[in-house]
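In full-length UniProt numbering, the protein residues as written are 1 to 278. Cβ atoms here follow ideal geometry from the backbone N, Cα and C, with glycine treated the same way. Nothing here was measured: the structure is a model prediction, and the numbers come from that model. Below is one structure, written out as structure tokens; comments come after it.
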Amino acid sequence: MVWKLTDDVEEFLARAEGFLRADPVANTVPLTVTKAIRTQGPALYPTALFGWWTAVGGVAGTCVWTGAYPVMLSAMPGSAAPELAEALARREARVPGVNGTPQVAEGFAEAWTRRTGSPVRVARRERLHRLAGLDMPDPPPDGAARVADARDRELVHDWYAAFRRDAGGHGDPNPAVVDGRLAEDGIVLWESAGGPVAMAGRTPAVAGTARVAPVYTPAEHRRRGYGAAVTAAVTRAAQDAGATEVVLFTDLANPTSNGVYHRLGYRPVEDRIALTFT
């Protein structure tokens with residue numbers, strides 16, 4: 001029972017893709033990140049690191065780390081997360097944080113702090129939801145949805161950055177990721193009175209599962225139903241593109257957005273926690 005770490009996405013997927021695809025809802029992030037790297041090339045995340053933990057019977061846990069983002073942990077046995085912290089500490093890795101279910105993430109964090117002395121704090125508590133059945137807003141707000149294209153590139157990049165700031169992220173989003181989403185028709189805008197008022201993105205489906213992210217409405221356009229409408233529109237677009245499951249993450253500190261997604265038909269799957277090392 002040992003961690004194997006690599007910067008080669010193909011080596012990682014050759015060993016761990018079956019494990020990830022066995023639960024594509026819970027593993028939506030590593031599946032879509034690795035698909036994006038395959039599509040756009042390793043330069044998308046030049047410092048990415050991947051890992052898998054093997055036990056009797058095969059792979060029983062994974063990690064995906066794309067540099068500035070926290071290390072993303074899958075479900076894994078209790079001893080695996082502390083062992084990963086030890087393995088990364090031996091590499092003198094500069095880990096900014098960790099994201100996973102509370103038990104797994106906290107197990108990693110305790111070992112990391114013990115090994116490195118880095119204090120830990122809670123950055124965000126999230127809940128993964130899956131769509132049980134789409135309930136379109138009725139009545140819808142004024143306006144209509146459309147797919148963003150190259151003409152919207154500057155606006156979309158600005159709104160991605162604003163979403164990241166609102167969510168407590170540091171630095172700007174990866175522009176290549178945003179451009180990739182635009183190229184795949186993965187951004188939907190809600191327009192009203194002749195201009196965009198809200199945005200929602202989606203990933204391509206992997207193993208039948210697509211993820212809605214991000215959803216952003218500028219402050220001056222909030223509380224008018226635009227966020228719900230654009231989320232419903234991008235969800236329908238994901239289904240039309242072949243997704244059999246549509247998922248999203250919510251910030252548990254934002255009861256308003258959680259209520260909106262529930263009314264659209266999204267239901268809880270599991271909680272996650274993002275921890276930051278300082």
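Item, Value
"contact_flag[the stretch 74–82, the stretch 40–51] where n(CB pairs < 8 Å) is 3 or more", "no"
"The stretch 239–258 / the stretch 203–210 touching (three or more Cβ pairs under 8 Å)", "yes"
"DSSP three-state assignment for T278, whether helix, strand or coil", "coil"
"Own chain partners of S257 with C-beta closer than 8 Å, once the 5 adjacent residues on each side are dropped", "V215, G227, T250 and D251"
"Validate contact between the stretch 174–185 and the stretch 267–275 using beta carbons, cut 8 Å, 3 pairs", "no"
"Whole runs of the beta strand (DSSP E) within the UniProt domain \"N-acetyltransferase\" (143–278), excluding any shorter than 3 residues", "144–147, 187–192, 195–202, 209–216, 245–251 and 266–277"
"Boundaries of the alpha helix (DSSP H) in which R94 is found, first to last residue", "It is not in any alpha helix (DSSP H) - R94 carries neither H nor E in the DSSP assignment."
"Spatial distance of R146 from L13 (CA atoms)", "35 Å"
"Anticipated Cβ contact below 8 Å, P137 with A232, distance rounded", "6 Å"
"Own chain, CB closer than 8 Å to A219, minus 5 neighbours either side, in chain order", "none"
"Coil, strand or helix - V29 by DSSP", "helix"
"C-alpha distance - P173 paired with L49, whole-angstrom precision", "18 Å"
"R14 in three-state terms, based on DSSP", "In the sequence as displayed, the identity of residue 14 is Ala instead of Arg. If DSSP states are grouped into helix, strand and coil, A14 belongs with the helices."
"Chain-order list of residues whose beta-carbon lies under 7 Å from that of E184 (same chain, five-residue window excluded)", "P204"
"Sequence-distant residues of the same chain with beta carbon closer than 6 Å to V260, five excluded per side", "A228"
"Rounded distance between the beta-carbons of E245 and R127, thought under 8 Å", "16 Å between Cβ atoms; not a contact."
"Buried versus exposed call for P70 [16 or more other C-beta atoms within 10 Å across all chains shown]", "buried"
"Helix, strand or coil at T113 according to DSSP, with G and I counted as helix", "helix"
"Enclosing beta strand (DSSP E) for T54 [first to last residue]", "L49 to A55"
"Sequence-distant residues of the same chain with beta carbon closer than 7 Å to W3, five excluded per side", "G51, W53, E83, L84 and A87"
"Environment of P24 [buried if 16+ CB atoms lie within 10 Å]", "buried"
"Distance between beta carbons of P30 and V64, contact taken as under 8 Å", "4 Å"
"Where T34 falls: helix, strand or coil (DSSP)", "helix"
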